[in-house]
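Structure, as structure tokens:
2 protein chains.
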Amino acid sequence: MGTYKIKSRLWLEQEGESLMGEGTLLLLKTIDEEGSLSKAAQKLNLSYKKAWKLADNLNKTSNNTIITKQIGGKNGGGMQITEYGRKLIAKFEEIRESCWAFLNEKQEELNRI
Amino acid sequence: MGTYKIKSRLWLEQEGESLMGEGTLLLLKTIDEEGSLSKAAQKLNLSYKKAWKLADNLNKTSNNTIITKQIGGKNGGGMQITEYGRKLIAKFEEIRESCWAFLNEKQEELNRI
Chain R
28 MGTYKIKSRL WLEQEGESLM GEGTLLLLKT IDEEGSLSKA AQKLNLSYKK AWKLADNLNK
88 TSNNTIITKQ IGGKNGGGMQ ITEYGRKLIA KFEEIRESCW AFLNEKQEEL NRI
Chain U
28 MGTYKIKSRL WLEQEGESLM GEGTLLLLKT IDEEGSLSKA AQKLNLSYKK AWKLADNLNK
88 TSNNTIITKQ IGGKNGGGMQ ITEYGRKLIA KFEEIRESCW AFLNEKQEEL NRI
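The listed protein sequences derive, respectively, from chains R and U.
According to my numbering, the first sequence is numbered sequentially starting from 28.
According to my numbering, the second sequence is numbered sequentially starting from 28.
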């Protein structure tokens, strides 16, 4: 007799369009760390084109800008996550965590069958 | 400004092996309705071989038998879902529903960002 585990995958949609899932979340967090889309793409083994499309789709689908391109200055040309983007990431991660906790409780019920 | 929706996909695993997800759940419910694996496969546009593999994997991965083959009698050769299988299906569906309700509440928080 083994133990059943409940697994989940969450993502956000806006008007039927996928906005943020595991892949996009990882890309956003990596852009935030690296301060650059090309470095983030390289780290995640994505083509720059693919990463750019994900980032572009994100900005187009969300209610507010999530990624901005910094112009000029010391880090000119870099990409940054906006304050709104950070809030959205944090909320999505918080919801994901609480969903896992919720499902862990339910898992016990399942294993009592 | 649109409304973000949180979408989820749930599945059960046993020792790292996938046991039941949306596809398997639908197959089980259809076998239960049709009383036959071949009729269920036909209805779902699955090959008999694919449906048989799903059913066989289910029995091998679960803690108890979920699908049995009826031998002889009026419906000889048909497939049936065991009492245990029905309980597992019902619990999985109940958990899925409660997870949707949980995420719907969270969705409001997300849209207040």
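Glycine residues also receive a C-beta, built at the ideal position from the N, C-alpha and C atoms.
At a cut-off of 9 Å between beta carbons, Thr109/U makes no contact with chain R.
A residue is called buried when at least 16 other Cβ atoms come within 10 angstroms of its Cβ; Ser74/R does not meet this threshold and is exposed. For the region 114-136 of chain U, the set of residues with a beta-carbon nearer than 8 Å to any beta-carbon of chain R comprises Lys114, Leu115, Lys118, Phe119, Ile122, Ser125, Cys126, Phe129, Leu130, Lys133, Glu136, in chain order. For Ile58/U, the secondary structure class from DSSP, reduced to helix, strand or coil, is helix. DSSP places Thr109/R outside both helix and strand once states are collapsed to three, so it counts as coil. Distance check between Gln97/R and each of Ser63/R, Glu132/R, Thr30/R, Glu44/R places Ser63/R closest, using alpha-carbon atoms only. Each residue's CA atom was taken as its position, placing Leu137/R and Asn138/U some 32 Å apart. A Cβ-Cβ separation of about 16 Å leaves Phe119/U out of contact with Cys126/R under the 8 Å criterion.
Interface flag for Lys87/R against chain U is unset, since no Cβ pair is found closer than 9 Å. Residue environment for Ala117/R: exposed (fewer than 16 other C-beta atoms within 10 angstroms of its C-beta). Interface annotation, Ser35/R: in contact with chain U, CB-CB separation under 9 Å. Interface residue (Cβ-Cβ distance to chain R less than 9 Å): Glu49/U is not classified as such.
By the rule that beta-carbons nearer than 9 Å mark a contact, Tyr75/U does not touch chain R. Contact note: Gly29/U reaches chain R through Gln41, Glu42, Asn90, using a C-beta cutoff of 7 Å and chain order. Under the three-state reduction of DSSP, Leu37/R is assigned to strand. A residue is called buried when at least 16 other Cβ atoms come within 10 angstroms of its Cβ; Lys133/R meets this threshold and is buried. Ile140/U has its alpha-carbon roughly 7 Å from the corresponding atom of Lys114/R. Look at Ile140/R: its C-beta is under 9 Å from a C-beta on chain U.
Proximity of the region 29-42 of chain R to the region 34-52 of chain U meets the contact definition, three or more beta-carbon pairs being nearer than 8 Å.
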